[in-house]
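Before any comments, here is the structure.
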Amino acid sequence: MYLQYTVDAIGTGALYALMTLGLALVFSVMGLMNFAYGQLVMIGGFSMILLRQTPTWVLILGTIIVVVIVSLLMERLAFRPVRAATAMTMLITSFALSELLQQAARIAFGANPKPLEQFELLSTQFEVGSIFISLQTIIVIASTIVVLVALALLLRKTNIGIQLRASTEDVGMAALVGIKSNRVIASAFVISGIIAAIVAMLFFSSRTNVSWSSGQSVVLIAFVGAVIGGLGSLSGAALGGFLMGFAYTMLNALLPIDLRVFADAFLYTLVIVVLLVRPAGLIAAKGVRV
Amino acid sequence: MDASTSTLSRWAWLTGLLVGPLAVLTVIIGITDNIDLVQRGTATLILIIMVVGLHVFSGNSGVISFGSVAFAMIAAYTSALITIPAEDKPSLFPDMPFFLTWLIDFSVPVPLGIVIAVVFTMVVAFIVGIPLVRLSGLAAGIGTLAFLVVVQVIVSKWKAVTRGESTMVGVPQETTLWWALIGVVIAIAAAAIYQLTRRGRRLIATREDDKAAMSIGISIPIERLWGWVASCGISALGGALYGHYIASFQPSTFGLSLTFLVIAMLVVGGMGSLTGAVIGVLVLQTLAEVLRTVELNGLGPIPAFDIPGLVEVILAFILLIVLIARPAGITGGREVTDWFRRRKSDAVEVDSA
Chain A
144 MYLQYTVDAI
154 GTGALYALMT
164 LGLALVFSVM
174 GLMNFAYGQL
184 VMIGGFSMIL
194 LRQTPTWVLI
204 LGTIIVVVIV
214 SLLMERLAFR
224 PVRAATAMTM
234 LITSFALSEL
244 LQQAARIAFG
254 ANPKPLEQFE
264 LLSTQFEVGS
274 IFISLQTIIV
284 IASTIVVLVA
294 LALLLRKTNI
304 GIQLRASTED
314 VGMAALVGIK
324 SNRVIASAFV
334 ISGIIAAIVA
344 MLFFSSRTNV
354 SWSSGQSVVL
364 IAFVGAVIGG
374 LGSLSGAALG
384 GFLMGFAYTM
394 LNALLPIDLR
404 VFADAFLYTL
414 VIVVLLVRPA
424 GLIAAKGVRV
Chain B
191 MDASTSTLSR
201 WAWLTGLLVG
211 PLAVLTVIIG
221 ITDNIDLVQR
231 GTATLILIIM
241 VVGLHVFSGN
251 SGVISFGSVA
261 FAMIAAYTSA
271 LITIPAEDKP
281 SLFPDMPFFL
291 TWLIDFSVPV
301 PLGIVIAVVF
311 TMVVAFIVGI
321 PLVRLSGLAA
331 GIGTLAFLVV
341 VQVIVSKWKA
351 VTRGESTMVG
361 VPQETTLWWA
371 LIGVVIAIAA
381 AAIYQLTRRG
391 RRLIATREDD
401 KAAMSIGISI
411 PIERLWGWVA
421 SCGISALGGA
431 LYGHYIASFQ
441 PSTFGLSLTF
451 LVIAMLVVGG
461 MGSLTGAVIG
471 VLVLQTLAEV
481 LRTVELNGLG
491 PIPAFDIPGL
501 VEVILAFILL
511 IVLIARPAGI
521 TGGREVTDWF
531 RRRKSDAVEV
541 DSA
C-alpha cells in the first residue's frame with residue numbers, strides 16, 4: 144500500500160519538478176516570476192488537440208515549436224520593455240499577459256473544456272511485485288531525468304550555457320565582458336518554452352480535456368515550488384517542485400477521510416512553515432547550479 | 191505648503207484632496223438616482239477601500255502581499271454569520287458544530303456586525319502576522335499567497351459553518367452608496383494618518399533603506415506588524431461592506447481574480463502612494479465599465495459585441511500598455527499634495543515618498 148502511494152507520489156513529484164524548473168530558469172536569469180508560464184502549458188495543451196491526428200513525432204515537435212514561439216514573443220513584446228522596472232511591476236506585467244492569453248484562448252476555443260482523445264498506450268500497467276506502475280508514470284520520471292541531465296550539460300558544456308550562468312551571477316558584469324543580455328535572456332525563454340511544452344504533453348496526456356483555465360493551477364504549483372526550493376538555484380527549484388507534488392499525493396492518500404478535503408490547507412500551511420524556517424528556500428544558492 | 195507645515199494640516203490636505211472629489215462624484219451619482227450608476231459607484235467605492243487597505247501594508251513597506259483579499263473574505267463571512275436574522279439560521283446552518291451553536295440565536299444589526307467583523311479580522315491578522323511579516327520579497331508573496339489558499343480551502347470545505355462552495359445567502363443587503371462613501375472616508379483618513387505619523391514613517395523608512403532604518407533603532411518586524419494589522423483592518427472593512435452589498439457570495443468571490451485586480455489597481459496607480467491607490471481604482475474601473483457598456487449597447491460606429499472574454503482581453507492589453515509606458519504607475523509614487531507643493535514654490539524639495 145504505502146509503496147504504491149510512494150511510487151504515485153514520485154510520479155507527481157517528478158512532473159511538478161519539471162514545471163518548476165521552467166519557471167525558475169527565467170527567474171534566475173532576469174529576476175522575473177513569469178505568471179504567464181502556466182498559459183504556455185495551456186497553449187501546449189491546445190496545440191496537442193489540434194495535432195492529435197498527426198503522427199506522434201509531428202505532435203511532439205509541433206507542440207514544442209508553437210510553445211517556444213509564444214514564449215519568445217512574450218519576452219520580446221511584454222517583458223523586454225519592463226526589464227528595468229521593479230520586481231512587482233514585472234510580476235503584474237506577467238499577470239496581465241497571463242490574463243490576456245487565457246481570455247484569448249477562451250474566445251478561440253470556447254468556455255467549455257475541449258476533449259482530448261486518450262493516448263491508450265500510456266495507460267498500460269506494469270506489475271512489479273505488489274505495486275502497479277503505468278507507462279505514463281515511467282515516461283514522466285524518465286523525461287524529468289533526461290531534461291535535468293540535458294539542462295546540466297547545456298549549462299556546463301555549451302557556450303550559451305556558460306553565458307547564461309554568468310548572467311545569473313551578475314547581469315551587469317556579464318554585459319560588460321561582452322555577453323549580449325538580449326540573446327541570453329531570449330535563450331532562457333526558449334529553454335523555458337521547451338520545458339513548458341514537455342510539461343504540457345506529460346500533464347495533458349493523462350487527462351481527458353484541455354480548458355482555457357488549465358494553466359492557472361500549473362503556475363501556482365511552480366511558483367510555490369520555486370520559492371520554497373530556493374530562488375536562483377535550479378536544483379533547489381526542482382527539489383521544491385518535487386516536494387510539492389510528493390507531499391500533495393501523500394497528504395491525499397494518508398489523511399483521514401474527514402480531513403482529506405482540507406489537504407490543500409495542510410500543504411500550504413507546510414509551505415508557510417518551510418518559508419519561516421528557511422526564508423531563502425531549501426537550497427539557497429547564487430547562480431545556476433544543477 | 192512647505193516642509194514646516196504641521197502633520198495635522200498635511201493630513202487634512204491629503205485626506206481632503208482625495209476624499210473631496212470622490213464625495214462630489216458620489217453626491218452627483220446619488221442625485222441622478224440612476225440604479226445602474228449607483229450600483230457601479232458603490233462597487234467602485236468598495237474597491238477603493240480594498241486597494242487602500244493593500245496600500246497601507248504593501249505601499250508603505252514595499253513588501254508584496256497576496257493575502258489582503260483573504261482578510262476581506264474573513265470579514266465578509268464573519269459579518270454575515272452574525273447579522274443573518276436568527277429565524278433564518280436553523281435552516282441555513284443545520285449542522286453548526288457544538289462550540290458555535292450560540293451563533294444560531296445571535297444576531298446583531300449590520301453596522302455593529304461590520305465593526306465586530308473588522309475587529310475579529312484584525313485579531314486574526316495580528317496572530318498570522320507575527321510569523322508572516324518576517325518574510326520579505328518573493329517569500330512574502332508566496333507566504334501570503336499560501337495563507338490565501340489556506341483560508342480559501344477552509345471556507346470552501348467547512349460546510350457546517352460557511353455553507354462551503356454553495357452560496358452564502360440571506361445576508362442583509364444594507365450597504366448603500368452612502369455607506370460605501372463613509373467607508374472610503376474612514377479608510378483614506380486612517381491611511382493618511384498612518385503614513386504621515388511616526389509609526390507609518392518608520393515603516394516607510396524600512397522600505398527605503400532597511401539597514402539605515404535598523405541602525406536608528408527601528409524594528410522591522412514590529413513596524414511591519416503595525417502596518418499589516420492596520421492594512422488588514424481596512425481590507426476587512428471593504429470585505430464586510432462588500433458582503434452586505436452583494437448579499438450572496440461564495441469562496442470564489444474572494445479568490446485569485448479579485449486579488450489580482452486589487453494588486454493591478456495599486457500598481458497601475460503607482461505603488462507607494464495613497465493617491466495612486468485611489469487613481470488606480472478609478473482609471474481601471476472606469477475603463478472596465480466603459481468597455482462593458484460598449485459590449486452591451488455599442489458606441490457610435492462600434493456595434494455591440496457579445497464575445498465572452500473580449501472585454502477582459504482588451505483590459506489586460508491596456509494594462510500591459512500602461513505598465514510598459516509607465517512602470518512606476520500613473521502617479522509614479524507621488525501624493526496629490528506633492529503636486530500642489532511643487533506648483534506653489536520651488537522651496538527645498540522634501541521627499542515624502
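Going down the list, the protein sequences come from chains A and B.
For the first sequence, the numbering used here assigns the number 144 to the initial residue and increments by one for each residue that follows.
For the second sequence, the numbering used here assigns the number 191 to the initial residue and increments by one for each residue that follows.
Think of the CB as a built atom: it goes at the ideal place given N, C-alpha and C, for glycine as much as any other residue.
Over the uninterrupted alpha helix (DSSP H) stretch that includes A/Val132, give me the two end residues. Only positions 144 to 433 of chain A appear in this structure, which leaves residue 132 of chain A out of reach.
Answer yes if the stretch 332-339 of chain A comes into contact with the stretch 207-220 of chain A, meaning at least three C-beta pairs across the two stretches below 8 Å, and no otherwise. Yes, the stretch 207-220 of chain A is in contact with the stretch 332-339 of chain A.
Here's the rule: buried if 16 or more other CB atoms are within 10 angstroms of the residue's CB, otherwise exposed. What is A/Tyr145? A residue is called buried once 16 or more other Cβ atoms fall within 10 Å of its Cβ, and A/Tyr145, having fewer, is exposed.
Cβ pair count under 8 Å reaching 3, the stretch 179-188 of chain A against the stretch 241-260 of chain A: Yes, the stretch 179-188 of chain A touches the stretch 241-260 of chain A.
Could you tell me whether the Cβ atoms of A/Thr155 and A/Ala369 are closer together than 8 Å? Their beta carbons are not under 8 Å apart, which means A/Thr155 does not touch A/Ala369 by this criterion.
Quick test of the definition: if touching needs 3 or more C-beta pairs under 8 Å, does the stretch 226-235 of chain B touch the stretch 390-398 of chain B? Verdict: no, contact absent.
Do you know offhand how far B/Leu474's Cα is from A/Ile400's? For B/Leu474 and A/Ile400, the distance between alpha carbons rounds to 44 Å.
Close beta carbons around A/Gly174, own chain, < 8 Å, minus the five adjacent residues each side: Only residues of its own chain outside the window of five on either side were considered, and among them Ala230, Met233 have a CB closer than 8 Å to the CB of A/Gly174, listed in chain order.
So what's A/Ile284 in DSSP terms, helix, strand or just coil? For A/Ile284, the secondary structure class from DSSP, reduced to helix, strand or coil, is helix.
Inter-stretch contact (C-beta, 8 Å, three-pair minimum) for the stretch 299-307 of chain B and the stretch 256-275 of chain B: Because the criterion of three Cβ pairs below 8 Å is met, the stretch 299-307 of chain B and the stretch 256-275 of chain B touch.
According to the neighbour-count rule (16 or more other Cβ atoms, all chains shown, within 10 Å of its Cβ), is A/Asp407 buried or exposed? With 16 or more Cβ atoms within 10 Å of its Cβ, A/Asp407 is classed as buried.
Name, going along the chain, the residues of the stretch 473-502 of chain B whose beta-carbon falls closer than 9 Å to a beta-carbon of chain A. So the close ones are Ile497, Pro498, Gly499, Leu500, Val501, Glu502.
A/Val172 beta carbon less than 8 Å from that of A/Phe310: In the sequence under discussion, the amino acid at residue 310 of chain A is Ser, which differs from the Phe named in the question. For A/Ser310 and A/Val172, yes; Cβs fall inside 8 Å.
For the alpha helix (DSSP H) holding B/Phe444, just list the boundary residues, first then last. For B/Phe444, no alpha helix (DSSP H) run applies, since DSSP gives it neither H nor E.
With 16 as the cutoff for other CB atoms within 10 Å, does B/Val361 come out buried or exposed? Flag for B/Val361 reads buried.
Among A/Tyr180, A/Tyr159, A/Leu158, A/Ala157, which one has its Cα closest to the Cα of A/Leu166? Ranked by how close their Cα comes to the Cα of A/Leu166, the residues A/Tyr180, A/Tyr159, A/Leu158, A/Ala157 have A/Tyr180 in first place.
For B/Ile486, which three-state DSSP category applies? First, the amino acid is wrong: residue 486 of chain B is Leu here, not Ile. B/Leu486 falls in the helix class under three-state DSSP.
May I ask you to list, following chain order, the residues of the stretch 339-359 of chain B that have a beta carbon less than 7 Å from some beta carbon of chain A? If you check each beta-carbon in the stretch 339-359 of chain B against every beta-carbon of chain A, the ones closer than 7 Å belong to Val339, Val340, Val343, Ile344, Lys347.
Closer than 8 Å is the cut-off here; do at least three beta carbon pairs connect the stretch 314-334 of chain B with the stretch 418-438 of chain B? Three or more Cβ pairs drawn from the stretch 314-334 of chain B and the stretch 418-438 of chain B lie within less than 8 Å of each other, which places the two stretches in contact.
Three-way DSSP call (helix, strand, coil) for B/Met358 in this model: Look at B/Met358 here: in three-state DSSP terms it is strand.
For a contact meaning CB atoms closer than 9 Å, what does B/Arg524 contact in chain A? Simply none; closest approach about 16 Å.
Against chain B, does A/Gln182 count as a neighbour if the rule is that its beta carbon must be under 8 Å from one of theirs? Not closer than 8 Å to any Cβ of chain B, the Cβ of A/Gln182 fails to qualify, so no.
Assuming contact is defined by CB atoms lying nearer than 8 Å, are B/Leu456 and B/Gly466 in contact in what I supplied? With respect to B/Gly466, B/Leu456 sits close: the two C-beta atoms are nearer than 8 Å.
Since B/Ser255 is in the alpha helix (DSSP H), which residue starts that stretch and which ends it? According to the DSSP assignment, B/Ser255 belongs to no alpha helix (DSSP H), since it is labelled neither H nor E.
Could you tell me which chain A residues have their CB closer than 7 Å to the CB of B/Ala329, listed as they occur along the chain? What B/Ala329 touches in chain A: Val370, Leu418, Pro422.
Is it the case that the Cβ atoms of A/Gly103 and A/Ala160 are separated by a distance below 8 Å? This structure cannot speak to residue 103 of chain A, because chain A is shown only from 144 to 433.
Contact list for the stretch 223-234 of chain A against chain B, Cβ threshold 9 Å: Contact annotation: in the stretch 223-234 of chain A, residues whose CB is within less than 9 Å of a CB in chain B are Pro224, Val225, Ala227, Ala228, Thr229, Ala230, Met231, Thr232, Met233, Leu234.
Chain-ordered neighbours of B/Phe337 on chain A, where CB pairs are closer than 7 Å: Under the 7 Å cutoff, chain A gives Ile415.
Between the stretch 435-468 of chain B and chain A, which residues of the former have CB atoms less than 7 Å from a CB of the latter, in chain order? Hits within the stretch, in order: Phe450, Ile453, Ala454, Val457, Met461.
Coil, strand or helix - A/Ile276 by DSSP: A/Ile276: strand per DSSP, three-state reduction.
Our contact map puts A/Leu418 next to B/Gly333 with C-beta atoms below 8 Å; I'd like the distance itself, whole angstroms only. That belief holds up - the Cβ atoms of A/Leu418 and B/Gly333 are roughly 5 Å apart, short of 8 Å.
Is the stretch 235-245 of chain B touching the stretch 421-434 of chain B in the sense that three or more CB pairs, one from each, lie closer than 8 Å? Using a Cβ-Cβ distance cut-off of 8 Å, the stretch 421-434 of chain B and the stretch 235-245 of chain B are in contact, since at least three pairs of beta carbons, one from each stretch, lie closer than that value.
For the stretch 286-318 of chain B, which residues have a CB atom closer than 7 Å to at least one CB atom of chain A, in sequence order? Those would be none; no residue qualifies.
Which of helix, strand or coil DSSP assigns to B/Ile508: Here DSSP, grouped into helix, strand and coil, assigns B/Ile508 to helix.
So does the stretch 411-425 of chain A actually touch the stretch 191-206 of chain A, counting three or more Cβ pairs closer than 8 Å? At 8 Å Cβ cutoff, the stretches do not touch.
Could you pull out every residue in the same chain whose Cβ sits closer than 8 Å to the Cβ of B/Ala402, ignoring the five residues on either side in sequence? Cβ neighbours of B/Ala402 beyond the five flanking positions: Ala395.
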